[in-house]
Amino acid sequence: MIRTRRAVTATLAAVCSAALFLSACGASPAETSGSNADAGEPVAGGVARAIVIGEPRTLDPAGLGNSWTRQSLLGNALYGTLMIEDPATLDMKFTMATDFSSADGGSTFTLKLRPGLTFSDETPLDAAAVKFNWDRLRDPAHPSDSIRQASQVASTEVVDATTLNVAMAAPSPVFPQALVTGAMNWIASPTALQKGQAAFDENPVGAGPFMLTKWTRQDVMELKKNPLHWDAPKPYLDGLTLRTVADATQRLNTMIAGGADFAMETNWASLAQAQDAGLSTDTVSFGGGLYMGMNARRAPFDDERARRAVSMAVDLEAINTVINDGKGVVPQTLFPETSPFFSDIPLTTPNKETAQKLFDELAAEGKPLSFTFTTYALPENKATAETVQAQLSAFKNVSMDIEVVDAATGNSRNATHDFDMIIASALFQDPDAALWTAFHSSSQGNITGISDQQLSDALDAGRVGRTIEERRAAYETVQKRLVALNPGVWYAKSAPSVITAKNAHGVQMYGFGSPLPEEFWMTN
């Protein structure tokens, strides 16, 4: 029996028209599917075993990534959430916050918190604590992936214990959509953070549904129920164990063998095999996708011809066959046809003859194309790089090396822009947060360094447009400029997913496939 939840196209358009800025107008209809729809009411008790993909190097929220391939399950477990976005209904729901709204088109916001919130060390989770965390995330002295969201904030001011005023660096009506995709959604105890990273990693203090009891690096992390959790009777579980498994085949085999109850998953082929084995799968659909980002800040990809040549040379369906057994989806357009912002503008146009001419042209000018593909150690990422390398070996005047790095090194390379090509993503519900962050010339999250005034102007117009028509026109220009500039090769739709055992229930995700462990529960 398959459970499916969809936001149909008509509903999507209606929500976008009515809610304008806070609707998630850019996504494919969100859907989750599984085999345990009739499980009944949640049952308290038990310890669940979860498999995650990304091993943390620290438990500081600034060092965690809030996506399904990173540490979102861990971050939500330790720190809870201020707010969440439901990919199915496109609504913003408040959890530890009660409101985060703007009265002036996104120039300023006011955050309201639930009164009486406390961290697990019984210190207050108040507006001052949020200010401490948010100011820290936007401080370049504390490098964090979440600076791409936090740097959009110019200043914060505590009004009272439950109220924080936020001034934006530039108007951003849909900023809440961006906030929930990073560590701004996770508030840690300032008292604990000020003791230093080593002490904090030994005893991370948050207000989430669980608390750390044991962390054996490169092995297992054990969590227990937080007795001070604000949203009783949640969490339903007494405990949760997390084990990192980077290999998709190993994750799947462990689930089929009954060695885990929940598993984060990113591989389309594994999801299909899990369903064939009778396991439940929950997947959130996004616009955009994964792309091989080319660093326009330095040679060789500061020359658009080099970027265009690689884009035309790569066989994307062959990559899909290698990494997803042909079961993945290659993005043809930036927006799905169900989106009000859809335009039939192909992201890539393969042409091997033109690619070879461009390689030859660059070589004739004394610039034969040679670059390094820096890839994370995830098997899918390595396979992508190896497939591209094999494909390019069929061309003359181009060579590619592969550098495999761990997550911490890869994050550092991203932050310092020290790469030629690297796997990146622009996944979105509302297109503003992801596209502005990834491609605006002034964004600190613009890892490719693409700088184009027409593109930046269109991204700004899409951000502040007051009607769907205004935003549609802006994003049509965005699509045209991205195709013309070739900052990256869009090669795969993402699969933000959780696989669950037959006795495991309660999967709910927000943002970039970020699961809420307080909702997990088990049956015998």
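Just so it is clear: in the sequence shown, position 87 is 87 by my numbering, and no numbers are missing. All C-beta atoms in this analysis are idealised placements derived from N, C-alpha and C, irrespective of residue type, glycine included.
query: Own chain residues within Cβ distance below 6 Å of residue 186, not counting five before or after; result: 61, 75, 79
query: Secondary structure of residue 410, DSSP reduced to three states; result: helix
query: Residue 273 classed as buried or exposed, judged by whether at least 16 other C-beta atoms fall within 10 angstroms; result: buried
query: Separation of residue 423 from residue 352, as counted between CA atoms; result: 22 Å
query: Whether residue 455 touches residue 427 by CB criterion (9 Å); result: no
query: DSSP bridge partner residues for residue 582 (one or two, in chain order); result: Residue coverage of the chain in this structure runs from 1 to 524, which leaves residue 582 outside it and unanswerable.
query: Between the CA atoms of residue 523 and residue 473 - distance to the nearest angstrom; result: 50 Å
query: Distance between residue 349 and residue 96 (C-alpha atoms, nearest Å); result: 46 Å
query: 6 Å Cβ shell around residue 520 - same chain, five flanking residues per side excluded; result: 48, 237, 506
query: Same chain only: Cβ atoms within 7 Å of residue 268, ignoring 5 sequence neighbours per side; result: 324, 327, 328, 495
query: Nearest neighbour of residue 333, chosen from 77, 129, 51, 490 [CA to CA]; result: 490
query: Option nearest residue 260 by Cα separation, candidates 241, 56, 458, 69; result: 241
query: Per DSSP, cross-strand counterpart(s) of residue 291; result: 424, 490
query: Residue interval of the alpha helix (DSSP H) (run including residue 321); result: 316-324
query: Supposed close pair residue 125, residue 207 - CB separation, criterion 8 Å; result: 5 Å
query: Nonlocal neighbours in the same chain, by C-beta distance under 7 Å from residue 211, ignoring five residues either side; result: 120, 223, 224, 226
query: At least three beta-carbon pairs within less than 8 Å, the region 451-471 to the region 277-285; result: no
query: Host alpha helix (DSSP H) of residue 74 (start-end); result: 72-79
query: Contact set for residue 444: own chain, Cβ-Cβ below 7 Å, skip 5 residues either direction; result: 147, 148, 151
query: Exposure of residue 465, with buried meaning 16 or more beta-carbon neighbours within 10 Å; result: buried
query: The region 174-193 / the region 430-443 touching (three or more Cβ pairs under 8 Å); result: yes
query: Per-residue burial, residue 380 [other beta carbons within 10 Å of its own, 16 or more giving buried]; result: buried
query: Simplified DSSP state of residue 165, which is helix, strand or coil; result: strand
query: Residue 263 and residue 402 closer than 9 Å at C-beta; result: no
query: Rounded separation between residue 376 and residue 296 - CA only; result: 20 Å
query: Segment limits, beta strand (DSSP E) that includes residue 306; result: Residue 306 -> not in any beta strand (DSSP E); alpha helix (DSSP H) instead, spanning 304-313.
query: Cβ-based neighbour list, residue 458, same chain, cut-off 8 Å, excluding 5 preceding and 5 following; result: 474, 475, 477, 478, 481
query: Within 9 Å, strictly: CB atoms of residue 66 and residue 239; result: no
query: Cβ-Cβ separation, residue 228 to residue 409 (assumed contact under 8 Å), whole Å; result: Actually they do not touch by this definition, with Cβ atoms about 37 Å apart.
query: Candidates 317, 395, 373, 386: closest to residue 527 by CA position; result: For residue 527 there is no data in the structure shown, the boundaries of the chain being 1 and 524.
query: Of the listed residues 153, 143, 463, 442, nearest to residue 110 (C-alpha basis); result: 153
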